[in-house]
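What follows is one structure encoded as structure tokens, with my remarks underneath.
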Amino acid sequence: MTAALSYPEHGATQHGPLPAGYHHLRVEVLVGHGREVIERAGEAITTFRMHRAAGVRIRAGAASADPGVPVEAGLGIGPLRIAAPCRVVWSTYDSDRIGFGYGTVDGHPERGEESFVAELRPDGSVWFTVTAFSLPARWYTRLAGPLVPVFQRAYARHCGRTLRRLVGPSTSTPCS
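The structure is reproduced here in structure tokens:
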């Protein structure tokens, strides 16, 4: 049985606008240039390799991020590790946009949705974007208050740097 999502605005990180009443996050990181870079970035994102390389323990119900796949992210270390159960809500494998969004289920420290997307822009640059909307769902995230968005932004930037490292130097020249 698939756990129900813990928020009603399913898929809002894919098409927007982000719903009112939540904390919003959007972080963009340049990861390289060219077709090869977006393909490598998309593969690293949709197979959870980027998350694992960023130090997150991922247990997923499938090898790739397809709608309906349950995902549990483990944040922290040892006995301080926090389980963050989610479910993939949407995924895209277009020629210029590859990624997915997952939503929280009961037991997650937050309530909302987060997406991870690589995009090949008209100038040939490849950008990694994290988009999210969330609210505290547990006592400890409510207690942490304004520190949670700070952590989320730092984590998104860390994922971007990790993805840049994973995709390596671009092999094509940026368009002018």
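Everything in the sequence shown is counted per my numbering, starting at 973 for the first residue and increasing by one. We treat Cβ as the ideally placed atom computed from N, Cα and C, and that holds for glycine. Just so we're clear, the structure is a prediction, and the values are computed from it rather than from any experiment.
Query: Hey, could you find the ends of the alpha helix (DSSP H) G1075 is sitting in?; Result: Note, G1075: premise wrong, no alpha helix (DSSP H); beta strand (DSSP E) at R1069 to T1076.
Query: Look up T1134 in the DSSP assignment and say whether it is helix, strand or coil.; Result: helix
Query: Any idea which residues DSSP pairs T1101 with across the strands?; Result: E1000 and V1089
Query: Give the DSSP-derived three-state secondary structure of I1049 in the structure shown.; Result: coil
Query: From which residue to which residue does the alpha helix (DSSP H) around R1029 run?; Result: From DSSP, R1029 is part of no alpha helix (DSSP H) but of the beta strand (DSSP E) over R1029 to A1032.
Query: Does DSSP put T985 in a helix, a strand or coil?; Result: helix
Query: Alpha carbon to alpha carbon, how far is Y1112 from E1082?; Result: 10 Å
Query: Quick check: the Cα distance between S1144 and Y1127, rounded to an integer number of angstroms?; Result: Unreliable placement is indicated for S1144, whose pLDDT of 48 sits below 50; the coordinate value is still reported in the next sentence. So the two alpha carbons sit approximately 29 Å from each other.
Query: At the level of alpha carbons, what is the spacing between L1002 and I1010?; Result: 11 Å
Query: Identify whether Y1127 lies in helix, strand or coil by the three-state DSSP scheme.; Result: helix
Query: Return helix, strand or coil for V1120, following the three-state DSSP convention.; Result: helix
Query: In whole angstroms, give me the CA-to-CA distance for A1032 and I1070.; Result: 18 Å
Query: With a CB to CB cut of under 6 Å and the five nearest residues on each side skipped, what residues in its chain are close to R1029?; Result: G1046
Query: Thinking C-alpha only, which one of R1137, G1132, R1110 and A1104 is nearest P1121?; Result: A1104
Query: When the Cβ atoms of the segment 990-1004 are set against those of the segment 1059-1074, are three or more pairs found closer than 8 Å?; Result: no
Query: Which residues bound the alpha helix (DSSP H) around V1009?; Result: R1007 to T1018
Query: I believe L1135 touches F1100 by the beta-carbon criterion, under 8 Å. Please report the beta-carbon distance rounded to the nearest angstrom.; Result: 5 Å
Query: What do you get for Y1074, buried or exposed, if any count of 16 or more other CB atoms within 10 angstroms of its CB means buried?; Result: buried
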